[in-house]
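Residue numbers (the working numbering): 197 to 647. Note sheet for the following structure.
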């Protein structure tokens, strides 16, 4: 009897869950649950994209030629075609958002509407790091074509378990709709060089869905489908989408400037490990730990310090350093950003105005011109002191491999004193092949040999 009652209770629980889940779905007049009205409303805003172009075909033998220091053979051009998806975000100006990898190196881009009408499109701007590209259709050329734009949801309000619908062009079959839920938020680690803060979904996403829409039950865009995790490129229920808020920020910058004018906070950091959480008496491992604050950076001016833990950006909590990097990196330079930090157990608020990366790029280029071994080091005159200050050393750069560190002071070359950047450049231009930098590091003096 007890066993039978348990089974009955379990069946009742499952039925209750199904009823509550179904209650969120649209209904026909006969009360049958369906997503059809929603799909009919949203699907005209999703397009299929076909591209063609030519790219350099690099032979595997080229690495052997490079290894033996021989001249490489000339690279040949190969023709390619590709398929993907896109989402109309402005019906009046013909703007369409898609993935960078969908249109990368394409010479010709064609957009096919749900109606079957094919239109030519051009690239307005693209950003490899966030894998976003903005296309435009010339509506003056297609006067009888009416576009339907999608509306954006606030992706910061998403919760794990929310329903999600993916619309795209898998394998070139044409527009296809799949459904699922939000499986996780704030996913990263697929490509450490890129800005990643993915929505994870189990809605089926396959090759060709890239650039398509992930929408909620209100027909609003919550993400742009961009990647899958699975053997042989097939769907196993683990797909990733770029959050709508990131897409919106990037699209606005591409429309205004034709490029992403990325804002820079100027911190280095990492994830909070269990050991860090224990040593800082934290209740959770959510947040971004700051290892270092760069000199003259937006973070330094805002009063952020090494050892701080950033837990919120513009009022939205963050789970990891990767999420912090992605959110800051998709905001434009000059933007004022509010951060909530934990310092020695106390919660503080700091506001920073993000800086442009152009200055850093210029300094890195200058360092490369000075000597190849300095590539990746950002140099500056030391102010009242004599010498050249190393403000920053890019992780994985040649300068880091030579052992240069931030805050090092270059005081001379081959025992000849230098006073500033100009003197350093003049010395390097006339110096022999073997160069020994005189370095002052804290209270120590050492030599670093460049070859």
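Backbone N, C-alpha and C define an ideal beta-carbon position, used for all residues, glycine too.
- Bridge pairing for residue 623: absent [DSSP].
- Residue 366 holds the alpha-carbon nearest to the alpha-carbon of residue 430 among 495, 339, 366.
- Secondary structure of residue 517 (DSSP, three-state): helix.
- With a beta-carbon spacing of about 6 Å, residue 488 and residue 502 fall inside the 8 Å limit used to define contacts.
- Between the region 242-250 and the region 295-306, the count of Cβ pairs shorter than 8 Å is three or higher; the stretches touch.
- Three or more beta-carbon pairs separated by less than 8 Å are not found between the region 525-544 and the region 395-410, which leaves the two stretches without contact.
- By the neighbour-count definition (other C-beta atoms within 10 Å, threshold 16), residue 356 is an exposed residue.
- Counting along the chain, residue 482 sits inside no alpha helix (DSSP H), nor does DSSP assign it H or E at all.
- In the three-state DSSP reduction, residue 499 falls in the coil class, being neither helix nor strand.
- In the structure shown, residue 597 falls within a helical segment according to DSSP collapsed to helix, strand and coil.
- Beyond the five residues adjoining it in sequence on each side, residue 544 comes within less than 6 Å, by CB distance, of 537 in the same chain, given in chain order.
- When secondary structure is reduced to three states using DSSP, residue 475 falls in the helix class.
- In this structure, residue 572 keeps its C-beta atom at 8 Å or more from the C-beta atom of residue 607.
- Separation of residue 470 and residue 481 (C-alpha to C-alpha, rounded to the nearest whole angstrom) is 7 Å.
- Between the region 617-625 and the region 590-602 there are fewer than three inter-stretch CB-CB distances shorter than 8 Å, so the stretches are not counted as touching.
- Residue 553 carries a coil assignment under DSSP once its states are collapsed to helix, strand and coil.
- Distance from the CA atom of residue 495 to the CA atom of residue 236, rounded to whole angstroms, is 47 Å.
- Distance from the CA atom of residue 453 to the CA atom of residue 317, rounded to whole angstroms, is 18 Å.
- Residue 472 holds the alpha-carbon nearest to the alpha-carbon of residue 485 among 472, 477, 370.
- In the DSSP secondary-structure assignment, residue 634 is bridged to 608, 643.
- Distance between residue 325 and residue 633, taken at the CA atoms: about 35 Å.
- DSSP places residue 444 in the uninterrupted alpha helix (DSSP H) bounded by 440-453.
- Taking a 10 Å sphere around the C-beta of residue 321, we find 16 or more other C-beta atoms and assign the residue as buried.
- A direct Cα-Cα distance of roughly 20 Å separates residue 364 from residue 342.
- Rounded to the nearest whole angstrom, the C-alpha separation of residue 517 and residue 275 is 40 Å.
- As for any beta strand (DSSP E) of minimum length 3 sitting wholly inside the region 404-433, the runs are 409-411, 416-424, ordered along the chain.
- Closest by C-alpha distance to residue 289, out of 310, 339, 552, is 339.
- With fewer than 16 other CB atoms across the displayed protein chains lying within 10 angstroms of its CB, residue 353 is exposed.
- Exclusion of the five residues before and after residue 490 leaves 462, 588 as the residues of its chain whose Cβ lies within less than 6 Å of its Cβ.
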